[in-house]
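Undergrad: Residue numbers (the numbering used here): 2 to 580.
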């Protein structure tokens, strides 16, 4: 075995001088970029979906039963008191992002603790900084989503397990962290599978070295982990059982997500070999770790911590049907630390102490700075991409009252109930195509007549998209995905009479592109907004010019005007797509 490298021996924080100044400067830069990301990074539809579920908890509704969600609920439950405190505000997403910023810090602390325990305090700050600057982790952890807390619990579980001798007490603490992670996301099962694989590899090398310490008590510790780990998810299950919602919880969290043939499921491909090949590569990597580490107990801890993120990624690539960015939140911050054996190997080849010092003092800061440049260039943080969401929420809050329904894809408008139970995303659309869910969106729009509807056709169901853009109109140039009840009227007859159909009953104003609109509506002089029932109507215009439309009365009273050109473009696009 090789001698312990200088990377392992060093037991100090970044020394005074250039390295310490560089560390503080780069850490400050991370914080500045994080602040910009909170305020400017585009809002993912998952963020508003999760915020909508938190709103449900805060207003006394029961997820699964009263509003659809296909996630575990611990994170959303914990956020409900904060949501009540913040209230209905169009700036809710940036505020929620600020509120979960401590979770980002908790993840970095766990990485620091792992680096300090497994290697040294000398590289621990740089490992945490490198984790913070990873583009995927940096941006995805900015978003308001349960996966942030899921990653924190998992990283804390690894930090607890690696901190020292794996006693029964440590096993209980580890089991609790894993159980809490499972209460946030059932994807914890994949993480546990990766950890078990890494542990088996580590134990194989340890036994080959003649290590037997602690084997006799391993069964007891495993039972403790299972007994404690089951408590958090079991408590959630018990709560919903008491509410009479256990069957719908089981469907939403498990059955709904299991769709035969979804994306990569049911289609044989070479990606199925990613995990077996990953195991072989990681077994070789574990050999390098054991070769570098004389202390067998430390070698075991290094192996299961450093191999787990790679094995987890291999499992996802091989068998997970729908790969998303948030799936990688628990493993991405560990990748810089997981490369430590490679640096140790390179360090052992460098015989000059001066070159080693220069690498630590100048090379590590340079690598972190390059990583931050990569992260900065990955997304245009100079531009405020939160504004569209903020404007859309402001419009909805202005044009609707609490309790009034709005139609959106996944709870995008957060503070209002939806007339349609299902969230409209990949799994739901697949189930509708297979006939497992009946598409009744159009019926629900007619039945409940929501005044506001999400217009982004790519997120709506194909059969209803044309209906939506034909009966709702964009009105705010800063939030083109928000539509209100309204439609462009067909070209008039030579005498100036417009004949049109109303599909969704409501209170409408008749507006023209320019001028004050005057005339008779269904034979009665038009003097302002009126209730229009579903069916055929006529309007004879005597004042105003250009195209005409019926338009939600509240929107007209608020000073909004229909965006005629944008509305017609949407209708034409849907006609073309449905051909």
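Every residue, glycine too, gets a C-beta built ideally from N, C-alpha and C.
Being a predicted model, the structure only gives us computed values, none of them experimental.
1. Out of 313, 538 and 287, point me to the one whose CA is closest to residue 302's CA.
2. Measure the alpha-carbon distance for residue 55 versus residue 270 and round it to whole angstroms.
3. If you drop the 5 nearest sequence neighbours on each side, which residues of the same chain put their C-beta closer than 7 Å to that of residue 198?
4. Would you mind giving the Cβ-Cβ distance between residue 564 and residue 468, rounded to the nearest angstrom? I have them listed as a contact below 8 Å.
5. Taking 8 Å as the limit between beta carbons, can you name the residues of its chain near residue 456, skipping five residues before and five after?
6. Should the segment 76 to 92 be called in touch with the segment 443 to 452, which here means at least 3 C-beta pairs below 8 Å?
7. Give the secondary structure of residue 416 by DSSP, where H, G and I count as helix, E and B as strand, and everything else as coil.
8. From 461, 432, 427 and 434, pick the residue whose C-alpha is nearest to that of residue 442; which is it?
9. Taking the beta strand (DSSP E) that residue 475 falls in, what are its first and last residues?
10. So which of 426, 404, 134 and 74 has the shortest CA-CA distance to residue 325?
11. Given a cut-off of 8 Å on the beta-carbon distance, is the pair residue 128 and residue 116 in contact?
12. What does a CB cutoff of less than 6 Å around residue 534 pick up in its chain, not counting 5 residues either side in sequence?
13. Give the straight-line distance between the Cα atoms of residue 375 and residue 135, rounded to the nearest whole angstrom.
14. Rounded to whole angstroms, what's the CA-CA distance from residue 576 to residue 493? Just pull it up for me.
15. Rounded to whole angstroms, what's the CA-CA distance from residue 308 to residue 243? Just pull it up for me.
16. As a quick exercise: from 147, 39 and 225, pick the residue whose alpha carbon is nearest that of residue 79.
17. With the cut-off set at 8 Å, would you say residue 297 and residue 210 are in Cβ contact?
18. Have a look at residue 275 and residue 323 and give me their C-alpha separation to the nearest angstrom.
19. Tell me the rounded alpha-carbon separation between residue 489 and residue 550.
20. Along the chain, where does the alpha helix (DSSP H) containing residue 443 start, and where does it finish?
21. Hey, quick one: how far does the alpha helix (DSSP H) through residue 395 stretch, first residue to last?
22. Closer than 8 Å is the cut-off here; do at least three beta carbon pairs connect the segment 94 to 107 with the segment 177 to 197?
23. Helix, strand or coil: which one does DSSP assign to residue 533?
24. Taking only the alpha-carbon atoms, compute the straight-line gap between residue 200 and residue 285 and give it to the nearest angstrom.
25. Beta-carbon separation of residue 108 and residue 156 under 8 Å?
26. Below 8 Å, can you find three or more Cβ-Cβ pairs linking the segment 161 to 170 to the segment 395 to 404?
27. Looking at the secondary structure, which residues open and close the beta strand (DSSP E) in which residue 487 lies?
28. Only counting the same chain, and skipping five residues up and downstream in sequence, which positions put a Cβ closer than 6 Å to that of residue 249?
29. Kindly indicate which three-state DSSP category residue 496 falls into: helix, strand or coil?
TA: Let's see:
1. Counted from its first residue, the chain shown places residue 302 at position 301. Checking every option, the nearest Cα to that of residue 302 belongs to 287.
2. Looking up residue 55 in the chain shown gives position 54. Looking up residue 270 in the chain shown gives position 269. Taking the straight line joining both Cα atoms gives about 39 Å.
3. Numbered from its first residue, the chain shown carries residue 198 at position 197. Cβ within range, chain order: 280 and 312.
4. For this step, residue 564 is matched to residue 563 along the chain shown. For this step, residue 468 is matched to residue 467 along the chain shown. Not confirmed; about 19 Å, so no contact.
5. In the chain shown, the residue the question calls residue 456 occupies position 455. Closer than 8 Å at Cβ, skipping near neighbours: 469, 470, 473, 475, 481, 482, 483, 484 and 571.
6. no
7. Walking along the chain shown from the start, residue 416 turns up at place 415. Correct three-state label for residue 416: coil.
8. In the chain shown, the residue the question calls residue 442 occupies position 441. Closest option to residue 442, Cα to Cα, is 461.
9. Mapped onto the chain shown, residue 475 falls at position 474. 473 to 475 is the extent of the beta strand (DSSP E) around residue 475.
10. To locate residue 325, count along the chain shown from 1; it is residue 324. Looking at the Cα atoms, 426 is the closest of the given residues.
11. Indexing the chain shown from 1 puts residue 128 at position 127. Indexing the chain shown from 1 puts residue 116 at position 115. A contact, by the Cβ cut-off of 8 Å.
12. Walking along the chain shown from the start, residue 534 turns up at place 533. Hits under 6 Å: 506.
13. Here residue 375 is taken as the residue at index 374 of the chain shown, counted from 1. Here residue 135 is taken as the residue at index 134 of the chain shown, counted from 1. Near 9 Å, if we compare the C-alpha coordinates of residue 135 and residue 375.
14. For the purposes of this step, residue 576 is identified with residue 575 of the chain shown, where counting begins at 1. For the purposes of this step, residue 493 is identified with residue 492 of the chain shown, where counting begins at 1. Looking at the two C-alpha atoms, the distance is approximately 22 Å.
15. Walking along the chain shown from the start, residue 308 turns up at place 307. Walking along the chain shown from the start, residue 243 turns up at place 242. Their backbone Cα atoms lie some 41 Å apart in a straight line.
16. Position 78 of the chain shown, counted from the start, is the residue given in the question as residue 79. Checking every option, the nearest Cα to that of residue 79 belongs to 147.
17. By 1-based counting over the chain shown, the position of residue 297 is 296. By 1-based counting over the chain shown, the position of residue 210 is 209. Against a cut-off of 8 Å, the Cβ pair of residue 210 and residue 297 comes out as a contact.
18. Walking along the chain shown from the start, residue 275 turns up at place 274. Walking along the chain shown from the start, residue 323 turns up at place 322. Taking the straight line from one Cα to the other gives about 16 Å.
19. Locating residue 489 in the chain shown gives position 488, where the first residue counts as 1. Locating residue 550 in the chain shown gives position 549, where the first residue counts as 1. Near 4 Å, if we compare the C-alpha coordinates of residue 550 and residue 489.
20. If you number the chain shown from 1, residue 443 lands on position 442. Unbroken alpha helix (DSSP H) run through residue 443: 442 to 449.
21. As a first step, residue 395 must be located in the chain shown, where it is residue number 394. Run containing residue 395: 388 to 400, per the alpha helix (DSSP H) assignment.
22. no
23. Translated into the one-based positions of the chain shown, residue 533 becomes position 532. Reduced to three states, the DSSP call for residue 533 is strand.
24. Counted from its first residue, the chain shown places residue 200 at position 199. Counted from its first residue, the chain shown places residue 285 at position 284. Cα-Cα distance, rounded: 14 Å.
25. Taking the first residue of the chain shown as 1, we reach residue 108 at position 107. Taking the first residue of the chain shown as 1, we reach residue 156 at position 155. Cβ distance < 8 Å, so residue 108 and residue 156 count as in contact.
26. no
27. Start at 1 with the first residue of the chain shown, and residue 487 comes out as number 486. Per DSSP, residue 487 belongs to the beta strand (DSSP E) from 483 to 489.
28. Residue 249 sits at position 248 when you count from the first residue of the chain shown. Counting only Cβ-Cβ distances below 6 Å, and skipping sequence neighbours, we find 65 and 66.
29. Here residue 496 corresponds to residue number 495 of the chain shown, with the count starting at 1. Coil, per DSSP.
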